[in-house]
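K.L.:
Numbers 52 to 405, taken from my numbering, label the letters of the sequence shown in order.
Glycine included, each C-beta is placed from N, C-alpha and C at the ideal position.
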Amino acid sequence: MSDGAQLPTDHCPLCGGDNRCAMATTAANECAACWCKSTTIAADVLACIPEQARNVACICASCASKPAPTTTAGVHHVVDQGQRPAVQLEANGQRVLIARTGAQVLSWHTDGGDVLWTASEPEYKPGKPVRGGVPVVFPWFGDHKSNPDMPAHGFARSVDWHCVDEQPAQVTLRATDSDATRKLWDHTFAVDLTVALTDTLRITMTVKNTGDAPFSFEQALHTYFASGDIHEASVHGLENARYVEHAREPIDSWDPAAPIRFGAETDRVFQDVPDVLSLHAKTLHRRVTLHTDNSHSTIVWNPWPNKTARLSQMRADDWRSFCCIESANVGEHAVTLAAGQSHSMTLTLSVKST
Ligand code: TA6
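Written out as structure tokens, the structure is:
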């Protein structure tokens, strides 16, 4: 299959046998539901079909009926809502969906619902982040410091990551430099994102300098949390922390010694932050605790209506139901790595009904 020879269309690409189409043998549909017309075959099975064989030769009835190949317990290679390659983790009745594009955690379903939030008009496009879940920000945060043509929040959330390790209900995805990334940021690197699901969701971002010169980078796990009614939500743990407000239309005044409540556009970068924060989503009867390791910055963001109107994938009232609490190292806490050095930042999320 690897020599690129023209594939026989009358043989099953999986077993080479007669490929009377798996679905054509059903009474009604003449191949209507077969993978060559749609993706009704389990994604794990589909993933075993060489790329060049897809949409060329139908797989035969026996291969189509085979159970998906054995995978690591709790790890399934699937497709996301945009038919993009993704990985689903399952454990303790919970499931997490991670798109390979950007290694973006898209959802974390628990018995209390999705702890993460997705915009109302999401776009699942190749090379594009979905607005929601946990976009990975690297190697710079926000707008590029000197070139407005550069992608906001860096390029990591837009490139294709690949799976380098699987453990029960845990996967590690990796992105490395390429001609395209070196045009934007002329360094060689490897970034790993390890996502592990137990009764918590743990995300570890490890950056390695694979070059021969030092480099500095900023990073964030830009987590969108379902907040319930944002007017009733509060963020705890950042009391009296040093911050800079970046909102264009911020609240007139607020008490920095009190938990954060939302009454206007909020876009605050906190520095020297504690390792434990929490979101109280009152109307969801939910408290989410964020434990971090090696994260010295936190950004708390809600766009309020006027900025929401300027954002992609959003419906006008989306601002009412989410807030971002982003575990990060930005600004003065940007990280510098010598050649061959690595740095890891970990976010562990736990959720409790209240
Ligand atoms: O993290 C807060 C922030 O920098 C906001 O200013 C807002 O721009 C948000 O990120 C979303 O950025 P994005 O590029 O995903 O639209």
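#1: To the nearest angstrom, how far is the alpha carbon of D369 from that of E283?
#2: Kindly indicate which residue of A207, I149 and S158 has the alpha-carbon position closest to the one of T223.
#3: With DSSP as the reference, identify every bridge partner of N357, one or two as the case may be.
#4: Taking W352 and C374 to be in contact with their CB atoms under 8 Å, please state how far apart those CB atoms are, rounded to whole angstroms.
#5: Between which two residues does the beta strand (DSSP E) holding T340 run?
#6: Is there at least one non-hydrogen atom of the ligand FMN closer than 6 Å to the beta-carbon of W352?
#7: How big is the Cα-Cα spacing for D303 and E377?
#8: I'd like to confirm something about A360: is its beta-carbon nearer than 6 Å to some heavy atom of the ligand TA6, or not?
#9: If S372 sits next to W236, beta carbons under 8 Å apart, how far is it from one beta carbon to the other, in whole angstroms?
#10: Going along the chain, which unbroken runs of the beta strand (DSSP E) with 3 or more residues stay wholly within the stretch 195-251?
#11: Relative to the ligand TA6, is the shortest distance from any of its heavy atoms to the C-beta of G163 smaller than 6 Å?
#12: So, with DSSP's three-state summary, where would you put H347?
#13: Let me confirm a value: S89 is counted as buried when at least 16 other C-beta atoms fall within 10 Å, else exposed. Which label applies?
#14: Have a look at E300, D306 and P190 and flag the residue whose alpha-carbon is nearest the alpha-carbon of H287.
#15: Would you call the stretch 242-251 and the stretch 322-329 touching, i.e. three or more CB-CB distances under 8 Å?
#16: Would the beta-carbon of D200 be found less than 6 Å away from any heavy atom of the ligand TA6?
#17: Out of G178, Q322, R361 and V129, state which residue places its alpha-carbon closest to the alpha-carbon of A292.
#18: Mapping DSSP to helix, strand and coil, what is T152?
#19: Tell me the residue span of the beta strand (DSSP E) that contains Y294.
#20: Does the structure place the stretch 125-141 close enough to the stretch 170-186 that three or more beta carbon pairs sit under 8 Å?
#21: Just grab the DSSP bridge partners of A332 for me.
#22: As a quick exercise: from G68, S401, S404 and G391, pick the residue whose alpha carbon is nearest that of T257.
#23: Throw me the rounded Cβ distance for the L289 and V339 pair, which I believe falls under 8 Å.
#24: Going by other Cβ atoms of all chains shown within 10 Å of its Cβ, with 16 needed for buried, is M74 buried or exposed?
#25: Kindly identify the DSSP beta-bridge partner or partners of S169.
#26: Return yes when at least one heavy atom of the ligand TA6 lies under 6 Å from the C-beta of A379, else no.
#27: If G153 sits next to W212, beta carbons under 8 Å apart, how far is it from one beta carbon to the other, in whole angstroms?
#28: Could you check whether the Cβ of R366 sits closer than 7 Å to any Cβ belonging to chain C?
#29: Take R225 as the anchor and find which of R233, D165, A207 and K234 has the nearest alpha-carbon.
#30: Could you check whether Q139 and R146 sit closer than 7 Å to each other, using their CB atoms as the reference points?
#31: Report the option in D344, H342, S348 and H336 whose CA atom is closest to the CA atom of T405.
#32: On the criterion of 16 or more Cβ atoms from any shown chain inside 10 Å, does L362 qualify as buried, or is it exposed?
#33: Which of the three DSSP states is assigned to E383 in this structure?
#34: Between H342 and the ligand TA6, is the CB less than 6 Å from at least one heavy atom?
#35: Run the CB neighbour count on T76, radius 10 Å, all protein chains shown included, and call it buried at 16 or more, exposed below.
P.N.:
According to the data block:
#1: The residue given as residue 369 occupies position 318 in the sequence shown. The residue given as residue 283 occupies position 232 in the sequence shown. Going from the Cα of D369 to the Cα of E283 covers about 15 Å.
#2: Locating residue 223 in the sequence shown gives position 172, where the first residue counts as 1. Minimum Cα distance to T223 is reached at I149.
#3: Locating residue 357 in the sequence shown gives position 306, counting from the first residue. N357 is not bridged by DSSP to any residue.
#4: Taking the sequence shown and counting its residues from 1, the one referred to as residue 352 is at position 301. Taking the sequence shown and counting its residues from 1, the one referred to as residue 374 is at position 323. That pair is a contact at about 7 Å.
#5: To locate residue 340, count along the sequence shown from 1; it is residue 289. That run of the beta strand (DSSP E) goes R337 to D344.
#6: Of the ligands one can find in the structure shown, namely the ligand TA6, none is the ligand FMN.
#7: Here residue 303 refers to the residue found at position 252 of the sequence shown. Here residue 377 refers to the residue found at position 326 of the sequence shown. Answer to the nearest angstrom: the Cα atoms are 23 Å apart.
#8: Position 309 of the sequence shown, counted from the first residue, corresponds to residue 360. Result no, Cβ not under 6 Å from the ligand TA6.
#9: Here residue 372 is taken as the residue at index 321 of the sequence shown, counted from 1. Here residue 236 is taken as the residue at index 185 of the sequence shown, counted from 1. Contact between S372 and W236 fails: their C-beta atoms lie close to 34 Å from each other, not under 8 Å.
#10: 213-218, 221-227 and 240-248, all fully within the stretch 195-251.
#11: Walking along the sequence shown from the start, residue 163 turns up at place 112. No, Cβ of G163 sits at least 6 Å from all heavy atoms of the ligand TA6.
#12: One-based indexing of the sequence shown puts residue 347 at position 296. H347 falls in the coil class under three-state DSSP.
#13: Start at 1 with the first residue of the sequence shown, and residue 89 comes out as number 38. Here the model assigns S89 a pLDDT of 43, short of 50, so the residue's position is not dependable, and the following value carries that caveat. Within a 10 Å sphere around the beta-carbon of S89 sit fewer than 16 other beta-carbons, which makes this residue exposed.
#14: What you label residue 287 is simply residue 236 of the sequence shown in a count that begins at 1. The residue from E300, D306 and P190 with its alpha-carbon nearest to that of H287 is D306.
#15: Flag = no, the stretch 242-251 and the stretch 322-329 do not touch.
#16: Here residue 200 is taken as the residue at index 149 of the sequence shown, counted from 1. Checking the Cβ of D200 against the ligand TA6 gives no.
#17: The residue labelled residue 292 in the question sits at position 241 within the sequence shown. Among G178, Q322, R361 and V129, the Cα nearest to that of A292 belongs to Q322.
#18: Taking the sequence shown and counting its residues from 1, one reaches residue 152 at position 101. In the structure shown, T152 sits in a strand (DSSP, three-state: E or B).
#19: Residue 294 sits at position 243 when you count from the first residue of the sequence shown. Segment R293 to E296, the beta strand (DSSP E) holding Y294.
#20: Touching, per the Cβ criterion.
#21: Position 281 of the sequence shown, counted from the start, is the residue given in the question as residue 332. Assignment of beta-bridge partners to A332 by DSSP yields A284 and R337.
#22: Residue 257 sits at position 206 when you count from the first residue of the sequence shown. The residue with the shortest Cα to Cα distance from T257 is G391.
#23: Along the sequence shown, one-based indexing puts residue 289 at 238. Along the sequence shown, one-based indexing puts residue 339 at 288. Incorrect: roughly 14 Å between the Cβ atoms, too far for contact.
#24: Sequence index remark: in the sequence shown, residue 74 carries index 23 (1-based). Low local confidence applies: a pLDDT of 46 at M74 is under 50, so the model's placement there is unreliable, with the coordinate-based value given in what follows. By the neighbour-count rule (16 or more Cβ atoms within 10 Å), M74 is buried.
#25: Residue 169 sits at position 118 when you count from the first residue of the sequence shown. Note that residue 169 is Thr in the sequence shown here, rather than Ser. According to DSSP, residue pairing for T169 in a beta bridge involves G183.
#26: The residue labelled residue 379 in the question sits at position 328 within the sequence shown. Every heavy atom of the ligand TA6 is 6 Å or more from the Cβ of A379, so no.
#27: Along the sequence shown, read from residue 1 onward, the residue named residue 153 stands at position 102. Along the sequence shown, read from residue 1 onward, the residue named residue 212 stands at position 161. About 7 Å separates the CB atoms of G153 and W212; that is less than 8 Å, so the two are in contact.
#28: Checking the listed chains, one finds no chain C in this structure; it contains a single protein chain.
#29: As a position in the sequence shown, residue 225 is number 174, starting the count at 1. Here the closest residue by C-alpha is A207.
#30: Numbered from 1 along the sequence shown, position 95 holds the residue referred to as residue 146. Numbered from 1 along the sequence shown, position 88 holds the residue referred to as residue 139. Closer than 7 Å, so yes.
#31: Indexing the sequence shown from 1 puts residue 405 at position 354. For the residues D344, H342, S348 and H336, the minimum Cα distance to T405 belongs to H336.
#32: Taking the first residue of the sequence shown as 1, we reach residue 362 at position 311. Residue burial is scored here from C-beta neighbours: L362 has fewer than 16 other C-beta atoms within 10 angstroms and is therefore classed as exposed.
#33: By one-based count along the sequence shown, residue 383 stands at place 332. In the structure shown, E383 sits in a helix (DSSP, three-state: H, G or I).
#34: By one-based count along the sequence shown, residue 342 stands at place 291. In this structure, the C-beta of H342 stays at least 6 Å away from each heavy atom of the ligand TA6.
#35: Start at 1 with the first residue of the sequence shown, and residue 76 comes out as number 25. Note that T76 has pLDDT 44, beneath the 50 cutoff, so the model's placement of it is unreliable and the number below is only indicative. Exposed, because fewer than 16 other Cβ atoms sit within 10 Å of the Cβ of T76.
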